[in-house]
Every structure is written in structure tokens, then in C-alpha cells.
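Q: Sharing a structure here in C-alpha cells format.
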Amino acid sequence: AVTYHSAFAYMFRRFGIQLLGVIEPQPGKEPSSADIAMLVQKMRQRSVNVVFAEPQFSRKAADAVAGELGAKVVMLDPIGNPSDPDRDTYISLMRYNLDAILSALSRQPVQ
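Position in the sequence shown (from 1) plus 47 gives the number in this note's numbering.
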């Protein structure tokens, strides 16, 4: 799987999903074109066709990576939203994210 950054690495590890790469390897620093190219190459080699992004960050880089492969962007939320009953408690937020991950990966081999 590919995520915006490594915030979900613990969850992926817990469920046996390999984190192939991250879009933003250093917090607050936009990825270089070389970073994007390397990530796209890894994704192509492993037939990964989902990029997990987050609503708190710009989708620009995630859309660029996904666009190179015809992949889809699926949103995960590490923070939650008190006005959304699907994400207003810790437990509901974890379920929301896990449902999004499992739904997205069920359409491709688990990496």
C-alpha cells in the first residue's frame, strides 16, 4: 500500500499489509519529482493501484502518483471529525479507516 505519510504504518503492519512507500517521506516537505518517479516505479512493479491520502493535506501529489498509474485515491483520516458520526470517536474513526483500507485493497492483491 502507499500512503501520504507513515501515520498508518502501525495499522497496516497489524493487519499484514506491507507499506510500499509514502508520498511525503519527510514531514512538511513536498516530495521531489524523483521521489514521485521512484514511488510510481515501485507501485507499477508490485501492481499497487491505490494511494491513500488524507483530508488534512493537499491531494495534488497523491493525484499525480495515482494519475501516472490509473490508480485511485482513497481518503483516510488520522484526526477525525466531531461533526461526522462516522469519525467522531476514536473507535468510530478506526473503523472508518479500516473499512476504507479493506474496501480499497479487496479489489487488488494485498501487498
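Even glycine gets a Cβ: it sits at the ideal position worked out from N, Cα and C. Nothing here was measured: the structure is a model prediction, and the numbers come from that model.
Given Q158, which residues of its chain have a CB within under 7 Å of its CB, disregarding the five upstream and five downstream residues?
A: With a pLDDT of 42 at Q158, under the threshold of 50, the modelled position of this residue cannot be trusted; read the value that follows with caution. A48, I64, Q65, L67, R93, V95.
Q: Taking Cβ positions, are I148 and L123 nearer each other than 9 Å?
A: Yes, they are a contact pair.
Q: What's the C-alpha gap between E77 and S139?
A: Looking at the two C-alpha atoms, the distance is approximately 30 Å.
Q: With hydrogens ignored, establish whether the beta-carbon of M122 is closer than 8 Å to any heavy atom of the ligand GTP.
A: The model depicted lacks the ligand GTP and carries no ligand whatsoever.
Q: If you drop the 5 nearest sequence neighbours on each side, which residues of the same chain put their C-beta closer than 6 Å to that of P156?
A: The pLDDT assigned to P156 is 43, lower than 50, so where the model puts this residue is not dependable; a value taken from the coordinates is nonetheless given after this. Excluding sequence neighbours, P156 sits near nothing in its chain.
Q: Compare the beta carbon distance of P132 and A54 with 9 Å and say whether it is the shorter of the two.
A: No, they are not a contact pair.
Q: Go ahead and pull the three-state DSSP assignment for K76.
A: Coil, per DSSP.
Q: Within the region 85 to 122, note down every full beta strand (DSSP E) run reaching 3 residues or more, in order along the chain.
A: Listed in chain order, the complete beta strand (DSSP E) runs (minimum 3 residues) inside the region 85 to 122 are 97 to 100, 119 to 122.
Q: To the nearest whole angstrom, what separates the beta carbons of A100 and V120, a pair I think is in contact under 8 Å?
A: Rounded, the Cβ-Cβ distance is 5 Å, consistent with contact.
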